[in-house]
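Below is one structure, written out as structure tokens; comments come after it.
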Amino acid sequence: MKKILPWLFLITFSILTGLALFVAIEESTESVSYPVEFLLPKKKTVTLVLVGDIMLDRGVEAMIKNKGEEDYKFPFLKIADYLNKADIVFGNLESPISDKGVRVGSIYSFRAEPKTIEGLTFAGFDVLSVANNHAFDYGREALEDTLLRLKKAGIDCVGTGSPVIKEINGSTSSPLKVAFLAYTNLGSPAWGISWADQNNIEEIKTEIKDIKSKADILIVSLHAGEEYQKTPAQFQVEFFKIAREAGADVVFGHHPHVVQPDFYSLGNFIFDQGFSKETMKGLLLEVVIRNKKIQEVKQKEVKINGEFQPTLSP
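Per the UniProt record's numbering: the sequence shown = residues 1 to 314.
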């Protein structure tokens, strides 16, 4: 009997303690109220990064092989950490990436080695425009090969006649849809490349309106203007105005290789034009989206170092 009593005491104590704890929790729950915002899931902030001209041939390729010891991530080493924090990274690819085709352009014709795609994926690029004056530097075969290689690497290309629409938070019932369009106004109209001039501007307006109706955010890029000029050409100004009026949320440009105001040109991002300070710097745009609306567009200065690596200015 003496051995049983301690056990009865422990069982009784445990029951009473548990009951008291249950009552305390119940009373506490009833007396505390939380704001609705606390109970709802946090809304995600989405960030897009937009950059200018990317050229991975010529001096950049030589730097990869010499200073980078053939590490094709080399051009992006100083900025990849920043880019990978974004949800989508978009830039202008200023050369085919291929080992096919023959040179059909001028001495300023570019073709980057297929391994340079390793650097683009390492840096987190999701979308690239090929609507520019270098798309056909090595003919249609090289361009088609470029599109295929980038697709296999998980990078979408725009500027070939069809838009790209990316979904973010795709597991939710209402994902954010971000659309991309790209055009060029340089050279002459060519097979498969999205062309823009005064003759088809009404068609472009219709296309922008149509794509905007299918997406929450629409980004439009234009490869146009005069090289090394710090002010935009007339067509750049007209195109930007029309694109914005048609529904584009952000319009930005490239090709002049120097920065122009109001995003008409973001300048170079990766290039080997070390002959001036202006061509060794550029801008990137950080587009902050919340609740399917653009909250802010931040400009960040990019400086290209002597090894043709973009770095963020402090």
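No residue lacks a Cβ here, since even glycine has one placed at the ideal position from N, Cα and C. Note that the structure is predicted; figures quoted are calculated from it, not measured.
Looking only at Y82, E141, I54, H257, the smallest Cα-Cα distance to T47 is reached by Y82. For N66, the uninterrupted alpha helix (DSSP H) segment begins and ends at 58 to 66. Counting C-beta atoms within 10 angstroms of its own C-beta, N268 has 16 or more neighbours from the protein chains shown and is therefore classed as buried.
Using a Cβ distance threshold of 8 Å, V288 and Q299 do not count as a contacting pair.
Within the model, the alpha-carbon separation for I79 versus P232 is close to 28 Å. About 27 Å separates the CB atoms of S174 and A182; that is not less than 8 Å, and the two are not in contact. A direct Cα-Cα distance of roughly 5 Å separates S221 from G253. Taking a C-beta distance under 8 Å as the contact criterion, V51 and G105 do not qualify as a contact pair.
DSSP, read as helix, strand or coil, puts D216 in coil. Setting aside the 5 residues that flank it on each side, K205 is surrounded in the same chain by I242, A246, each with a C-beta closer than 7 Å to its C-beta; the list follows chain order. Counting other Cβ atoms within 10 Å of its Cβ, G306 stays below 16 and is therefore classed as exposed. For S276, the number of other beta carbons within 10 angstroms of its own is below 16, and it is reported as exposed. In this structure, L285 is the residue among L120, G274, D272, L285 with its C-alpha nearest to the C-alpha of D262. Of the candidates L147, D145, F125, K177, the residue whose Cα lies closest to the Cα of I165 is K177.
Separation of G274 and K214 (C-alpha to C-alpha, rounded to the nearest whole angstrom) is 42 Å. By the C-beta density criterion, N291 is exposed, having fewer than 16 other C-beta atoms within 10 angstroms.
Each residue's CA atom was taken as its position, placing T121 and A153 some 7 Å apart.
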